[in-house]
Every structure is written in C-alpha cells, then in structure tokens.
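Under my numbering, read the sequence shown as residues 369 to 683, first letter to last.
Glycine included, every Cβ here is placed at the ideal spot set by N, Cα and C.
Just so you know, these numbers come straight off a predicted model, no measurement behind them.
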Amino acid sequence: MRIHQLQIPTPFPVGPVNVTLLLEDPITLVDTGPQTEEAFAALRQQLRACGVRVEDIRRIVLTHSHEDHAGQAARLQALSGAIVYVHPWEADRLNPAFDYASYRRLLAELGTPEDVTAQFEALRQRIRELIAPVPEIAVLDEGEELVFEHESWRVVHTPGHTPGHIGLFSEGRRLLIAGDTVLKRITPNPVLNPDPRDAHRRFPALRHFLASVDRLRELAPSVVITGHGEAVEDMETYRHEIHHHVRQRQEAVRAALGTHTLTPWELSLRLFPDTRTDQRFLALSETIAHLDLALAEGLVVCERRDGIEWYRARR
Numbered sequence: 369m370r371i372h373q374l375q376i377p378t379p380f381p382v383g384p385v386n387v388t389l390l391l392e393d394p395i396t397l398v399d400t401g402p403q404t405e406e407a408f409a410a411l412r413q414q415l416r417a418c419g420v421r422v423e424d425i426r427r428i429v430l431t432h433s434h435e436d437h438a439g440q441a442a443r444l445q446a447l448s449g450a451i452v453y454v455h456p457w458e459a460d461r462l463n464p465a466f467d468y469a470s471y472r473r474l475l476a477e478l479g480t481p482e483d484v485t486a487q488f489e490a491l492r493q494r495i496r497e498l499i500a501p502v503p504e505i506a507v508l509d510e511g512e513e514l515v516f517e518h519e520s521w522r523v524v525h526t527p528g529h530t531p532g533h534i535g536l537f538s539e540g541r542r543l544l545i546a547g548d549t550v551l552k553r554i555t556p557n558p559v560l561n562p563d564p565r566d567a568h569r570r571f572p573a574l575r576h577f578l579a580s581v582d583r584l585r586e587l588a589p590s591v592v593i594t595g596h597g598e599a600v601e602d603m604e605t606y607r608h609e610i611h612h613h614v615r616q617r618q619e620a621v622r623a624a625l626g627t628h629t630l631t632p633w634e635l636s637l638r639l640f641p642d643t644r645t646d647q648r649f650l651a652l653s654e655t656i657a658h659l660d661l662a663l664a665e666g667l668v669v670c671e672r673r674d675g676i677e678w679y680r681a682r683r
C-alpha cells in the first residue's frame, strides 16, 4: 500500500484539510475537503499526481460530517460510484432533511439571545452550502475492519469533536489517521451537539474527547495523520498537553465565574470577549463543554430557571 497525504483548501480559518489516499485495492479516500470548485480542482490535481483519477476511487471514509472533511463526498460518489462510509452517529448530518430544531432548544437552554440564535442558524445555512447531501451511505462502527488487498485498518470511534468522529488505525504500520481528534498546533473544539441517543440532551463533548485522546495514546501510534496541519509523532506528549490545557481552561472558567451566577452564554462573553461573530458559536461550544466537565467533577453548581441553565462556582 502507498499512502499519500493531500492538502485541500478550505474557506475556514483553520486552513487546508488533510485528505489521505490509501492506494491499494479498493482505492480509498479518507475525507474529501469542502464542496467548492477550488477544493475539487486541488483534489483532482493531487490525485492525478499520485496516478489516480477521481473515477478510480472505490471507498470514501469520513472521519466526521463537518463540511471541510465531508463536503465533496456526494460529488465524488456521483463521479466514481464509491461507497461513502461514516459512523452511524454522523449519518444524519449528511441527510438533506437535517433539522436545526434540536440546536435551537440547546441554545435556548444556554441563555443564548434569540437574535444570536438566528444569526447562528443563518451562518449554519451558509456553511451547509459547502456540503452536498450524500444519497447513499454505509456505516462504520468501533472495531470494524477496513479490508484492503494486502492489509486492513481498524475503525476507532473517537467521540468528542463530534459524537460520531472516527479514526483509522493500522496495527502493522503503527499509523493512525485521526481526523480532528488530534491537531498539532491548535486544540480541537468540543463542538456543541445534541446527544445522538437523546436529541433533547447535549452531548458531553469534552469528557468524551479526553477519553478519546487517552485511548489513542494507548494505541501507541508512531505517526498520527491529523485533520489539519502537521503529523504528530508523540501521542504521550500530545495527551499531556491536552490535559494541561483543559485544566488551565477549567481554572479560567472558575475565575470568570467568580462570585457570579451566569448563563453559559454570559460566561462565554467573559471568557472570549474579542471573538468574531462567525466564531461565537465555537466559543459557546467551548464554554459549555468546560462547564459540563466542571459540573461532572463537582466544581460548579447548575440551577435551571425557566428552562435556562445558570452556573456558579462551588465554594
């Protein structure tokens, strides 16, 4: 097997996305880049440099359903007939009937003003233009094997950044394709999502993310292909840095709360006062993820008033 890392441009601040070509029958692409003409041209050109046509692709594995990773899946499937694989918890996000209603409920519980929720939804609709609905989807779950002619890769469920995020691990190569669970220069955002098991609850993203990082460390990969940027070659150090960052942010959360009782929305404005409007949803995601972790560890207290959550530091 030959393995090629392709860099596909995105319109997002994070920059290019890493797409991995696993060049052995059946030819497999891990992630696709967003649905833009620039991304498609870059993908086609880089595939051609590897001696591959778009039409040669037989499988597309999506680490998760975000637009920068999954946006071109439908177009590539239409051109090649490739099977598109995703974790079952991500499949609905590739469905044209995806409904924002569950997010409205979650945002209301966090004290988000209605006009801000409307801004979030409008932004969400614009971003959704970077992904096309995938008409035919197959699912991959924890422990399944992606079989090639001469080797196989194991599916590893790594919830956190999204509930159904997955990676692929080659035992023989000690090589891990980690998607956005591992990023060398920035910390993955624990994005606010409904819980796939109960859409009326939010998914405890940060707790799951930390467990996923711990688990990937236990796999002891020698090289980790990340979702964006450089590879990581020391998962032990990466794990330490992530846990250290989380502890620092937990201290910042408690300090920002001080003696106040605040909604998650109000707290996010204190923690991230200079965040641009188009990044405010991610700031709120980060805030509630840390509050959920602090609540689970008994560091904060949550009270509900008229359907809105209010938090204070435990004394």
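Check the Cα spacing between residue 615 and each of 659, 649 and 599: the tightest is with 659. Annotation: residue 525 is outside any alpha helix (DSSP H); the continuous beta strand (DSSP E) that includes it extends over 520 to 525. With a 10 Å radius around the Cβ and a threshold of 16 neighbouring Cβ atoms, residue 395 comes out buried. Around residue 523, the same chain offers 508, 509, 510, 511, 512, 514, 534 and 536 as residues with beta carbons nearer than 7 Å, after the five sequence neighbours per side are excluded.
In the DSSP assignment, residue 543 falls within the unbroken beta strand (DSSP E) covering 543 to 547. Beta-bridge partners of residue 386 (DSSP): 375. The secondary-structure analysis by DSSP pairs residue 537 across a beta bridge with 522 and 544. For residue 414, the closest C-alpha among the options 610, 374 and 595 is that of 374.
When DSSP states are grouped into helix, strand and coil, residue 656 belongs to the helix group. Per DSSP, the continuous alpha helix (DSSP H) segment holding residue 625 begins and ends at 603 to 625.
DSSP places residue 677 within a strand segment (E or B) once states are collapsed to three.
In the displayed model, residue 468 falls within coil according to three-state DSSP, outside both helix and strand. Ranked by Cα distance from residue 557, the options 654, 664, 423 and 386 are led by 654. Residue nearest to residue 372 within the set 398, 546, 550 and 382 is 398 (criterion: CA-CA distance). Within the region 411 to 449, the complete beta strand (DSSP E) segments at least 3 residues long are 427 to 429, listed from N- to C-terminus. Look at residue 562 here: in three-state DSSP terms it is strand.
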